[in-house]
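J.:
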Amino acid sequence: MWCVLVSGASGYLGLHCVKQLLEAGYIVRGTVRSLNNSKKVEPLRSLPHASERLELVVADLEKPDSWPSALQDCTYILHTASPFQINPDESCIKTAVDGTLNVLSAAARTLTVKKIVLTSSCVAIMEGHEDSTKVFNESDWSVTTPTTNPYFRSKVSAEKAAWNFVKNFGNDDNKFELTVINPSFIIGPQLSDIEGASANTNSKTDGERIIAASQPSIWMKEIAKALGNEFTSQGYCVPKHKAPDMIIKAASLFSDQAKMVSERLNVECKIDNSKV
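Residue 108 in UniProt numbering sits at position 108 of the sequence shown, with consecutive numbering throughout.
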């Protein structure tokens with residue numbers, strides 16, 4: 001059975017990918033930044049079949065020398081690791097780009113690697129466009145400026161760096177296939193793990209970007225209601241009411257997070273997700 005490497009295995013998306021791969025019978029190697037962080041490592045080790053087919057290794061996006069040994073003998077790579085900050089700054093752009101290129105560079109020197117599935121985001125596609133009637137598809141790229149949210153720019157820059165890398169393989173490089181998944185808001189396992197895992201062995205996804213998002217999208221009010229129904233009985237308080245637009249706009253003067261929300265008030269994004 002093939003060995004699949006999952007970068008960022010202890011993250012929300014990575015953990016679900018590892019779970020699905022183990023259930024499908026794959027041998028899985030997951031990268032973590034430390035094997036001593038029990039809160040990150042134990043959920044992985046407690047997965048069904050983990051004791052039989054899961055190996056955890058240390059690799060860091062900012063340490064290129066940590067990747068060649070991590071990729072050794074792997075056939076497929078799910079690259080889910082990417083910097084995420086609540087209040088992102090410029091540093092996340094360099095980390096995302098360098099981290100992606102570190103993984104791809106190591107794969108280009110590893111003859112067993114056939115394919116990399118990179119997790120990008122819809123924010124690499126839909127940001128900064130003025131046409132409110134536009135239906136977005138995989139050929140679109142976000143329009144960014146120096147004032148665009150650094151996290152959004154990190155996704156655009158990292159994905160473009162990946163595509164540029166595979167378009168310029170050296171003569172001696174291992175020329176693997178690249179597939180990019182562009183999910184929207186991830187709220188549950190079905191979007192993250194199923195799309196990432198099936199893209200591994202499906203040759204129709206070679207060289208493709210794939211938008212993984214529902215259309216029409218789920219309203220946050222519906223999400224809040226579902227979460228409230230689930231967790232209220234457990235003692236949690238989940239807000240179910242919409243904040244007035246005026247409050248959000250006022251808060252945007254003092255909060256970068258509120259500013260990001262304010263820029264999306266009453267904006268409907270339409271997408272073509274037919275590739276999924």
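Ideal Cβ placement from N, Cα and C applies to all residues, glycine included.
To the nearest angstrom, report how far apart Tyr-144 and Glu-127 are at their CA atoms.
T.: Sequence check: residue 144 is Thr here, not Tyr. When rounded, the distance between both Cα atoms is 7 Å.
J.: Checking 9 Å against the spacing of the C-beta atoms, do Leu-164 and Ile-125 come in under that value?
T.: Reading the sequence as shown, one finds Asn at residue 164 and not Leu. Against a cut-off of 9 Å, the Cβ pair of Ile-125 and Asn-164 comes out as no contact.
J.: How would you label Leu-118, buried or exposed, when you count the other beta carbons within 10 angstroms and need 16 or more for buried?
T.: Buried: at least 16 other Cβ atoms inside 10 Å.
J.: Going by beta carbon distance, what residues of the same chain come within less than 7 Å of Val-156, once the five residues before and after it are set aside?
T.: Contacts found: Ala-124, Trp-141, Ser-142 and Thr-144.
J.: For Ala-106, which residues from the same chain have a beta carbon less than 7 Å from its beta carbon, with the 5 sequence-adjacent residues on both sides left out?
T.: Trp-67, Pro-68 and Leu-71.
J.: Enumerate in chain order the residues of its own chain whose CB-to-CB distance from Phe-152 is below 6 Å, with the five nearest sequence positions on each side excluded.
T.: Val-123 and Glu-127.
J.: Check each candidate in Arg-45, Asn-273, Pro-150 and Leu-15 and name the one with the smallest Cα separation from Asn-87.
T.: Of the candidates Arg-45, Asn-273, Pro-150 and Leu-15, the one whose C-alpha sits nearest the C-alpha of Asn-87 is Pro-150.
J.: Mind checking who Val-6 pairs with in its DSSP beta bridge?
T.: BP columns for Val-6 point to Gly-30 and Leu-78.
J.: Closer than 8 Å to a non-hydrogen atom of the ligand HEM - does that hold for the CB of Asp-60?
T.: By its list of ligands, the structure shown contains no ligand whatsoever, and the ligand HEM lies outside what it can speak to.
J.: Among Ser-82, His-129 and Lys-114, which residue has its Cα nearest to the Cα of Glu-177?
T.: Ranking the options by Cα distance to Glu-177, first place goes to Lys-114.
J.: Below 9 Å between beta carbons: does that hold for Glu-55 and Val-32?
T.: Contact: no.
J.: Suppose contacts are defined by Cβ-Cβ distances below 9 Å. Is Gly-243 in contact with Phe-169 by that definition?
T.: For the sequence presented, residue 243 should be read as Ala rather than Gly. Result no, Cβ atoms of Ala-243 and Phe-169 do not sit closer than 9 Å.
J.: Return helix, strand or coil for Phe-169, following the three-state DSSP convention.
T.: In this structure, Phe-169 counts as coil in the three-state DSSP scheme.
J.: For the beta strand (DSSP E) containing Leu-101, list its first residue and its last residue.
T.: Leu-101 -> not in any beta strand (DSSP E); alpha helix (DSSP H) instead, spanning 91 to 107.
J.: Considering just the uninterrupted stretch of the beta strand (DSSP E) at Val-143, what are its terminal residues?
T.: Taken as a continuous stretch (DSSP letters only), Val-143 belongs to no beta strand (DSSP E), as it is neither H nor E.
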